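Structure first, commentary second.
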Amino acid sequence: MEVIRPLFFLTLFGLGLLLLQEIQLFLLEVYIKHQYDVNDNSRATVSFYRSSLINIVGNKFVGVTLSCNLIKHKWKHFDLGSEKMLTLARGLTPSYVRVGGTDCDFLIFNMTEDTTLRFKPQAQYVVEGEFGKTGTNFTMTPEDLDKLNLFTQDVGWDLIFDFNVFLRKNGQWDPTNAIELLKYTVKQGYKPAGYELGNEPNSYYHNFHFRIPGNLMSTYFKTLQSALDSFPKLGTPIIIGPDTTQMKRKSARNYLTLFLSSGGGKSVDVATFHHYYFDSKTATVEQFYNPTILDSLTPQVITAVDICRQNAPGKQCWLGETSSAYGGGAYGLSDRYVAGFLWLDKLGLSALNGLQGVLRQSFYGGNYALIDEDLNPNPDYWLTLLYKRLVGGRVLSLGQQSNPNLRVYAHCTNINSTMGYSKGDITVYVINLSKDVITVNITGIPVSTRHLYILSPGDDSGLTSQYVKLNGEVLMLPNDEQLPTLKPEIQQGNVLLQGYNMGFIVIPGANKHDCL
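Every number in the working numbering is 228 more than the matching position in the sequence shown, counting from 1.
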């Protein structure tokens with residue numbers, strides 16, 4: 229009893245100290261909140277007092293896409309030899325690039341241009357019934373495959389290629405053409421990062437008047453897995469799919485669940501779904517900064533992550549294709565400054581709610597591209613570049629005073645980029661959805677120094693500007709071989725975030741324990 233009694237009182241004393249600390253934190257947060265009227269939308273407090281590590285993502289969390297349509301049209305205006313384009317692409321390294329989309333289900337790899345040599349016309353070969361949309365086979369030649377692989381190697385991207393699932397025989401996917409492509413890939417010594425099969429299969433009936441159910445698609449992926457396993461020289465490419473449409477659709481939720489639960493969850497390394505906020509044909513500028521529209525992503529991400537965890541435990545879940553508006557993006561909006569609100573918020577919500585990857589539609593092609601037809605960077609390119617340079621993989625929870633106009637997220641800072649930050653540093657990224665200035669008060673950090681990388685419209689066009697300023701200076705390439713230097717504005721204490729501005733606040737020396 230003489231030994232037990234001191235241990236008992238020591239334990240009780242320790243618990244009392246912990247309780248006292250919790251009470252102190254609570255009282256401190258109450259004090260901070262009452263410094264300002266909670267209905268005062270000109271201020272917001274971001275608290276790190278109870279912040280903790282909530283998710284970890286890789287350094288290729290943000291990737292890009294290219295459409296098979298580029299191969300169909302022999303690369304069109306996408307000049308793979310353009311030094312300017314290569315400079316912009318290298319800036320986003322490390323990155324996955326997914327070459328996929330609807331046209332990939334009409335792509336046939338062939339040593340010549342003649343697609344009739346070995347394969348029947350698509351509508352006869354694929355299924356019984358007729359296509360609801362016009363689909364025409366086209367050839368991917370070895371030269372095309374060489375161009376694609378050499379480009380991705382040059383810029384340091386990891387290639388994900390989408391195979392044609394419409395090539396079927398006796399009710400099953402026929403991997404013959406995929407195997408031909410894999411043979412050539414091995415012969416050339418290429419090592420793609422991964423492969424997909426098909427695109428948005430839950431919409432095949434809507435688009436083409438035939439169905440490939442989720443349980444049947446899962447058998448196709450098993451066939452793909454076997455095909456890849458037969459080529460050990462490929463390395464260990466990951467398998468990604470099934471690339472359903474967005475989770476607000478019951479058909480997509482059911483399809484993803486059935487696909488994963490019937491065997492697909494064992495074949496894939498990454499489960500994927502797609503997401504767009506609205507139709508490009510009816511999009512308005514106000515939709516791009518409407519909090520309700522931004523919030524609509526959260527339940528879809530949570531749903532997808534839950535389906536993945538239940539039916540494919542241990543596997544990752546990605547947004548395999550995503551942008552602002554479906555149908556190619558909204559003209560004069562998806563490629564302008566205002567699109568950054570949706571894009572930066574999507575990255576924040578995705579990381580916060582458990583996704584491991586987000587592939588941006590697209591790097592080139594469409595109104596939502598990161599670079600335009602002339603291979604010049606759109607505003608979202610610069611936003612993506614800053615994100616990759618400043619935002620690390622450790623995702624932090626935080627407390628924020630209620631302010632509907634401020635979106636705020638926090639990660640440990642990227643210490644592996646050229647920006648020169650260190651372990652323990654924190655990156656907060658913020659979005660002001662209102663026209664008014666918001667004073668951002670960051671608490672729970674022992675240092676007051678703030679490195680600001682704040683973006684604003686690049687000219688008098690305002691929200692629809694084709695240009696973007698970083699700390700008041702328009703971002704432009706100094707020449708085709710160089711990216712501009714991204715310099716912070718250094719200040720102490722509270723941050724005044726101007727109306728409709730967004731950006732990154734790096735806190736060097738924060739010494740955050742989750743970031744050490």
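Glycine included, every Cβ here is placed at the ideal spot set by N, Cα and C. What you are looking at is a predicted structure, and each value in this text was computed from that prediction instead of being measured.
Compute the distance between the beta-carbons of residue i and residue j, then report whether it is under 9 Å.
i           : j           : result
residue 794 : residue 579 : What the structure shows of the chain is the stretch from 229 to 744, and residue 794 is not part of that stretch, so it cannot be assessed.
residue 635 : residue 618 : no
residue 582 : residue 545 : yes
residue 563 : residue 522 : no
residue 274 : residue 670 : yes
residue 651 : residue 744 : yes
residue 540 : residue 499 : yes
residue 469 : residue 424 : yes
residue 604 : residue 567 : no
residue 292 : residue 683 : no
residue 655 : residue 734 : yes
How long is the line joining the alpha carbons of residue i and residue j, rounded to whole angstroms?
i           : j           : result
residue 691 : residue 471 : 32 Å
residue 417 : residue 611 : 35 Å
residue 614 : residue 512 : 26 Å
residue 624 : residue 272 : 18 Å
residue 474 : residue 486 : 15 Å
residue 372 : residue 519 : 43 Å
residue 280 : residue 393 : 43 Å
residue 526 : residue 282 : 16 Å
residue 327 : residue 389 : 5 Å
residue 663 : residue 722 : 19 Å
residue 632 : residue 728 : 13 Å
residue 705 : residue 502 : 32 Å
residue 493 : residue 332 : 23 Å
residue 731 : residue 547 : 22 Å
residue 685 : residue 695 : 6 Å
residue 453 : residue 276 : 45 Å
residue 363 : residue 465 : 29 Å
residue 577 : residue 297 : 30 Å
residue 384 : residue 339 : 27 Å
residue 602 : residue 305 : 8 Å
residue 565 : residue 697 : 10 Å
residue 659 : residue 569 : 7 Å
residue 263 : residue 594 : Any reading at residue 263 needs caution, since the residue's pLDDT is 42, under 50, leaving its predicted position unreliable; the model's value is listed next. Looking at the two C-alpha atoms, the distance is approximately 47 Å.
residue 335 : residue 410 : 14 Å
residue 402 : residue 551 : 32 Å
residue 718 : residue 673 : 16 Å
residue 442 : residue 711 : 45 Å
residue 427 : residue 437 : 15 Å
residue 645 : residue 396 : 45 Å
residue 490 : residue 379 : 37 Å
residue 488 : residue 446 : 7 Å
residue 398 : residue 638 : 52 Å
residue 314 : residue 741 : 38 Å
residue 400 : residue 679 : 56 Å
residue 534 : residue 482 : 13 Å
Can you tell me which of the three DSSP states residue i falls into?
i           : result
residue 546 : strand
residue 601 : coil
residue 383 : helix
residue 375 : helix
residue 414 : helix
residue 643 : coil
residue 358 : Residue confidence for residue 358 is low, a pLDDT of 35 falling below 50, so the modelled location carries little weight; the figure read from the coordinates is stated next. Looking at residue 358 - three-state DSSP - the assignment turns out to be coil, as it is neither helix nor strand.
residue 742 : helix
residue 626 : coil
residue 402 : coil
residue 263 : Its pLDDT being 42, under 50, residue 263 is placed unreliably in this model, and the coordinates cannot settle the point.
residue 311 : helix
residue 319 : helix
residue 617 : helix
residue 366 : strand
residue 330 : helix
residue 294 : strand
residue 655 : strand
residue 281 : strand
residue 707 : strand
residue 324 : strand
Which residue or residues does DSSP assign as beta-bridge partners of residue i?
i           : result
residue 669 : 273
residue 697 : 684, 702
residue 533 : BP columns for residue 533 are empty, so no partner.
residue 553 : 506
residue 677 : 720
residue 397 : 400
residue 660 : 634
residue 731 : 658, 682
Whole alpha helix (DSSP H) elements within the segment 419-503, 4-residue minimum: 432-436, 442-457, 478-487
Those runs of the beta strand (DSSP E) which lie wholly inside the segment 561-610 and span at least 3 residues: 585-588
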